[in-house]
Amino acid sequence: MAYEKVLLARIGKENSRAIDGYVRDGGYRAWEKVLREKPEPASISETVKKSGLRGRGGAGFPTGVKWTFIPTDTKGKPIYLVLNADESEPGTFKDRLLIERDPHLVLEGMMISAYAIGCRRAYIYIRGEFWDGARILTDAIREAYGKGYLGENVKGSGVELDIVVHRGAGAYICGEETALLESLEGKRGQPRVKPPFPAVSGAFACPTIVNNVETIACVPLIMNRGAEWFAGIGRNEKNTGPKLYCLSGHVNRPGVYEAPMGLPLKDLIFGDEYGRGMRGNRNVKAVIPGGASAPMLTAAEIEDCPLDFDGVAAKGSMLGSAAIVVMNEDTCIVRAARNLAKFFAHESCGQCTPCREGCPWLLKVLTRIEAGQGRPEDVELLLPMARQMNNGMTLCVFADAAVGHVVSTVPKFREEYDYHVAHKRCLVGAREEVVA
Amino acid sequence: MKKLRYSSRECGAPFSFTPEESRAIDSLLGKYATKQAALLPVLWIVQDRMGWIPREAVEAVADLLGLSTAFVDGVLTFYTMYNLEPIGRYDLQFCTSISCHLNGADDLLAHCERKLGIHAGETTPDRKFTITEVECIAGCDRAPSMQVNDRYHEPMTPEKLDALLADLAKEA
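Chains as they are written, first to last, in our numbering: chain A, 253 to 688; chain B, 22 to 193.
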């Protein structure tokens, strides 16, 4: 049976972002039901828990469980919901699609989630580069107010909810939830010491839940179709639901594809409904399965790799934001690693010494090797450098992410590094010369 | 790598908010539990009008929100999108992160640099174009992706870029 798209069901429709079309397609029905029946908020968290929904931003933490970390007695403090729309992980572009094409699905998800945790003011933290996204969400919020889905007494239910769009200004680290909260509070986006976790002390020192865009977009679907339906999609009970995969790199048809959680990686790359294989029929050399932070997999490792949290983890990498970047046999791995190192050196927030110093050092050494100026000891230097960065001596997981490419490519593609140092040029180019 | 800068330039003229901007700021202040939280949106208001954040505006913003200028500088220089000096009318932002890198972004950027005779981070003498190298802007399936000011142009090719630059150069 063909898989029925639910997250992307409305994406191709004309003017899919307007509220009228959303309502016509059954949108806001879940929110209206909540307003009408006023269920116990904890029952919604329970439903989300039962669905097995795990955070789609990268960490894969169970969403319903996260919500229950809000203290039952907040001692008069307000509770905040913050939508993490800071999508910045290289290779990731699914949230941009949802925001630009189906903003009301995202808003309805926020409304129900806000009700579930007892939030009366929610924020959308959207990265500064998403100019259109911020405009579209602002318009959608205005429309939602116009139709009475937001406000001081929504549809006469006594429920109060306001949603505020807050734009970032260019900083990858603000996707980390505590850095995001610092940025929301008007500070440099530098991660906080944890604990306390945001559910206890988040925005403005109040209990706060931060959820990813795709995660939130799943909530109305779960409310409409039930937790069992959601839990019935996917590879197993720990990896459930529909999932958006971002496919890019050297494939014939890059794009955002929706499939059940656990889609085999090779199907995504080669399937007719998905990537339709490699451009120019080249062979796969390496795949990043979860964005720039995820360790690379070799062509052999993708043979039997379900794209879900546990499936990719079993291969020694991570699903992350489900950003699958495919590299063909003509790719110089050293050059790709140098590109990733450039990203992390640019984006380190500078707070913790191993990361602030380590990221530029990695870039320096990789640049040297790639340019054919590598010293004999350079390749041996990379792994010890990485171990000084990912040994738990930093406040957040940025440093772990920043060495993901090093810890995977140095052992897996060692000959390319050694060739660069020994011959002062690239193995990939050299192979072509031999063939020519 | 990020150029280290600790504050923005002076524009040489006093800065004050227009009545319309002040109204927008008042409404912003009602949306947050602290005044400080309005800092990023207020800096955006400055940049929307000026195209950058001059020193004089930093002082006005600090005064308005009850913050020190050093604190505002710290925030301002942390984020890459706030301009610390005037830039060209068209900010050509090239993504060179991994998916765009694999699809020719480095060559595209080099092509633009040659064409305009400036490097990334620089502005043409006629103040028309600035070239900026940016990290992933979520256009990976349409790589190489770029933005000109607040609009995406993707996928980009050297030929399409030549045509775009010619179009933009014609505009007064």
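For glycine and all other residues, C-beta sits at the position ideal for the given N, C-alpha and C.
Classification of residue i by the beta-carbon crowding that lies within 10 angstroms, buried from 16 upward
| i | result |
| --- | --- |
| B:LYS191 | exposed |
| A:MET645 | exposed |
| A:ALA688 | Because A:ALA688 carries a pLDDT of 42, less than 50, the predicted location of this residue cannot be relied on, and the following value inherits that uncertainty. The residue is exposed, with fewer than 16 neighbouring Cβ atoms inside 10 Å. |
| B:ALA184 | exposed |
| A:LYS446 | exposed |
| A:HIS675 | exposed |
| B:TYR27 | exposed |
| A:ASP325 | exposed |
| A:LYS290 | exposed |
| B:ALA91 | exposed |
| A:ALA552 | exposed |
| B:THR178 | exposed |
| A:PRO506 | buried |
| B:GLY138 | exposed |
| A:LYS495 | buried |
| B:LEU129 | buried |
Spatial distance of residue i from residue j (CA atoms)
| i | j | result |
| --- | --- | --- |
| A:GLY273 | A:ASP354 | 10 Å |
| B:ALA187 | B:GLU156 | 25 Å |
| A:HIS356 | A:LEU389 | 8 Å |
| A:GLN603 | A:VAL673 | 33 Å |
| A:SER500 | A:ASN580 | 12 Å |
| A:CYS601 | A:ARG288 | 46 Å |
| A:VAL471 | A:ASP277 | 16 Å |
| B:LYS23 | A:GLU256 | Because the pLDDT of B:LYS23 is 46, which lies under 50, any placement of that residue in the model is unreliable, and the number read from its coordinates should be weighed accordingly. Those two C-alpha atoms are separated by around 45 Å. |
| A:ILE364 | A:ALA261 | 20 Å |
| A:VAL539 | A:LYS407 | 49 Å |
| A:HIS657 | A:PRO663 | 10 Å |
| A:SER569 | A:MET548 | 7 Å |
| A:ILE576 | A:VAL503 | 11 Å |
| A:SER297 | A:LEU259 | 20 Å |
| B:LYS52 | A:ARG372 | 12 Å |
| B:SER120 | B:PRO165 | 8 Å |
| A:LEU517 | A:ALA479 | 26 Å |
| A:TYR352 | A:SER573 | Reading off the sequence, residue 352 of chain A comes out as Glu, not Tyr. If I take the Cα positions, the gap works out to 18 Å. |
| A:VAL452 | A:VAL358 | 25 Å |
| A:LEU614 | B:GLY87 | 40 Å |
| B:LEU60 | B:THR144 | 27 Å |
From the options, residue whose alpha carbon lies closest to that of residue i
| i | options | result |
| --- | --- | --- |
| A:PHE382 | B:ARG172, B:THR145, B:LYS149 and B:THR144 | B:ARG172 |
| A:ALA254 | A:GLU510, A:LYS664 and A:PRO663 | A:GLU510 |
| A:LYS329 | A:ALA457, A:TYR401, A:VAL658 and A:ARG639 | A:ALA457 |
| B:ALA58 | B:LEU85, B:GLN168, B:ALA164 and B:ARG26 | B:LEU85 |
| A:GLY681 | A:ALA623, A:VAL655 and A:ARG627 | A:ALA623 |
| A:GLN625 | A:CYS584, A:VAL452 and A:CYS678 | A:CYS678 |
| A:THR299 | A:VAL536, A:GLY310, A:THR320 and A:TYR280 | A:THR320 |
| A:ALA294 | A:ASN267, A:GLY361, A:ILE369 and A:LEU349 | A:ILE369 |
| B:ARG135 | B:LEU182, B:LEU105, B:LEU123 and B:ASP162 | B:LEU182 |
| A:GLY397 | A:GLY385, A:ILE415 and A:ASP384 | First, the residue type needs correcting, since residue 397 of chain A is Tyr and not Gly in the sequence shown. Among A:GLY385, A:ILE415 and A:ASP384, the Cα nearest to that of A:TYR397 is on A:ILE415. |
| A:LEU571 | A:ARG620, A:ALA638, A:LEU350 and A:ALA653 | A:ALA653 |
| A:GLY343 | A:GLU525, A:VAL578 and A:SER268 | A:VAL578 |
| B:ARG110 | B:CYS161, B:ILE46 and B:LYS149 | B:LYS149 |
Residue i vs residue j beta-carbon contact at 7 Å
| i | j | result |
| --- | --- | --- |
| A:TYR216 | A:THR430 | It is not possible to answer for residue 216 of chain A, since the shown part of chain A is limited to 253 through 688. |
| A:LEU305 | A:GLY543 | no |
| A:LYS301 | A:GLY316 | yes |
| A:ASN642 | A:VAL631 | no |
| A:ALA589 | A:CYS611 | no |
| B:ILE152 | B:ALA141 | yes |
| A:PRO450 | A:CYS648 | no |
| B:VAL67 | B:ALA83 | no |
| A:PHE650 | A:CYS607 | yes |
| A:GLY514 | A:ASN491 | yes |
| A:CYS584 | A:PHE345 | no |
| B:GLU77 | B:CYS32 | yes |
| A:TYR424 | A:GLU599 | yes |
| A:ILE271 | A:GLU395 | yes |
| A:ARG419 | A:ALA386 | yes |
| A:ALA366 | A:LEU413 | yes |
| A:ARG308 | A:ASN464 | yes |
| A:ILE468 | A:GLY403 | no |
Given 8 Å as the limit, is there contact between the region 326-344 of chain A and the region 478-495 of chain A, that is, 3 or more CB pairs closer than that? no
If you pair each beta-carbon of the region 25-43 of chain B with each one of the region 69-86 of chain B, do three or more pairs fall below 8 Å? yes
Using 8 Å as the cut-off, can you tell me whether the region 560-568 of chain A makes contact with the region 524-536 of chain A, which would need three or more C-beta pairs spanning the two stretches below that distance? no
Three or more C-beta pairs closer than 8 Å, one from the region 163-178 of chain B and one from the region 424-440 of chain A: is that the case here? no
Below 8 Å, how does it come out for the region 85-99 of chain B and the region 108-116 of chain B: are there three or more Cβ pairs, yes or no? no
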